[in-house]
Amino acid sequence: AGRRLPLPSSHDELRSLAGALNDLLARRDEAADRLRRFTGDAAHELRSPVASIRVQAEVAVAHPDPDLAQEVLTDVMRESERLSSLVDGLLTLARSDAGEVPPAEPVDLAAAAVSAAARYPDGPSVVVHVPAGLCWVLAAPSEVDLVLDNLLRNACRHARSRITVTVIGGAAASRLVVDDDGEGIAPEHRKKVLDRFYRVQDDRARSSGGTGLGLALVAEVVRRRGGAVRVGESPEGGARFLVSWRSVSVV
Ligand code: ADP
């Protein structure tokens with residue numbers, strides 16, 4: 194917007210202009226394809242909890258029975274929760290796609306990691322290693338919490354018994370490493386798990402209430418700050434998620 198190409202005055206300039214235009218068109222087509230796929234996937238994902246709620250409600254109405262009603266309502270509640278986290282996730286992604294980004298400030302990654310781990314008192318034990326002193330990164334506090342919560346929730350879902358959270362401060366970038374001792378993620382899936390709606394095993398993730406958006410949200414909020422997310426293998430053979438943000442020195 195606002196940019197103007199100079200008017201061509203020779204054949205060569207005309208050729209390079211045509212080249213630039215073709216690149217632009219190709220990129221526009223790719224963006225349109227991505228958007229179409231995303232809209233289709235989102236509709237598909239929203240349809241399944243809605244359909245399930247509807248079928249359950251129909252069953253409950255057709256067979257009035259208090260025991261059945263209890264069971265049906267529990268299911269309906271679970272599906273409604275999934276639906277609402279899907280909608281929340283879609284809204285966050287839509288805002289980010291539209292360039293709506295909360296302001297960045299220095300966030301103490303070490304403190305955020307310690308308090309996030311305390312939000313997971315049940316299930317596998319969470320061991321936290323943080324550097325002595327503070328570790329400032331440039332991000333919105335809500336983004337750092339989103340990253341920690343999603344990685345810890347996934348780790349809890351997959352770990353056998355132990356999760357390790359490590360924060361490493363650095364002059365240019367600081368890193369968060371979340372390791373678990375679960376089944377891990379095979380190399381061919383490691384890049385793709387960061388894509389919207391990608392799941393390694395469909396049924397299991399759905400029945401555990403997953404939306405397939407968690408890691409896409411993590412990648413989105415980290416990358417828009419110039420950070421990076423990498424997926425690998427933990428020393429115990431489970432999954433390792435490595436997130437880096439730009440460091441800031443606070444005086
Ligand atoms: P979901 O809501 O399905 O968990 P995510 O985007 O959070 O969506 O994760 C995408 C997929 O990545 C999951 O369905 C799962 O297959 C895989 N995954 C994520 N975290 C782990 C982990 N710690 N160990 C093994 N697999 C994982």
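Note that the UniProt record's numbering has the sequence shown beginning at 194, numbered continuously upward.
Yeah, the Cβ is synthetic: ideal placement off N, Cα and C, and Gly gets one too.
Computed from a predicted structure; not experimentally measured.
Discussion item. Quick check: is any heavy atom of the ligand ADP less than 8 Å from the C-beta of residue 313?
Written reply: Distances taken from the Cβ of residue 313 to the heavy atoms of the ligand ADP include none shorter than 8 Å.
Worksheet entry | Element boundaries [beta strand (DSSP E), containing residue 231] | DSSP places residue 231 outside any beta strand (DSSP E); the residue lies instead in the alpha helix (DSSP H), whose first and last residues are 204-255.
Worksheet item: Measuring CA to CA, which of 311, 319, 304 is closest to residue 325?
Response: Relative to residue 325, the option among 311, 319, 304 whose CA is nearest is 304.
Discussion item. Tell me the DSSP secondary structure of residue 293 in three-state form.
Written reply: In the structure shown, residue 293 sits in coil (DSSP, three-state: anything other than H, G, I, E or B).
Worksheet item: Measuring from the CB of residue 386, is there a heavy atom of the ligand ADP at a distance below 8 Å?
Response: Yes; taking the cut-off as 8 Å, the Cβ of residue 386 has a heavy atom of the ligand ADP nearer than that.
Worksheet entry | Exposed unless 16 or more other CB atoms sit within 10 angstroms - verdict on residue 437 | Buried, since its Cβ has 16 or more Cβ neighbours within 10 Å.
Fill in: Cα-Cα separation, residue 313 to residue 319
Cα to Cα, the separation comes out at about 8 Å.
Worksheet item: Hey, out of 390, 368, 220, whose CA is closest to residue 238's CA?
Response: The residue from 390, 368, 220 with its alpha-carbon nearest to that of residue 238 is 390.
Worksheet item: Around the Cβ of residue 215, are there at least 16 other Cβ atoms within 10 angstroms (buried) or fewer (exposed)?
Response: The residue is exposed, with fewer than 16 neighbouring Cβ atoms inside 10 Å.
Worksheet entry | Beta-carbon proximity of residue 329 to residue 443, cut-off 9 Å | Remark: C-beta atoms of residue 329 and residue 443 approach each other more closely than 9 Å.
Worksheet item: Is the Cβ-Cβ distance between residue 374 and residue 431 less than 9 Å?
Response: Yes. Within cutoff.
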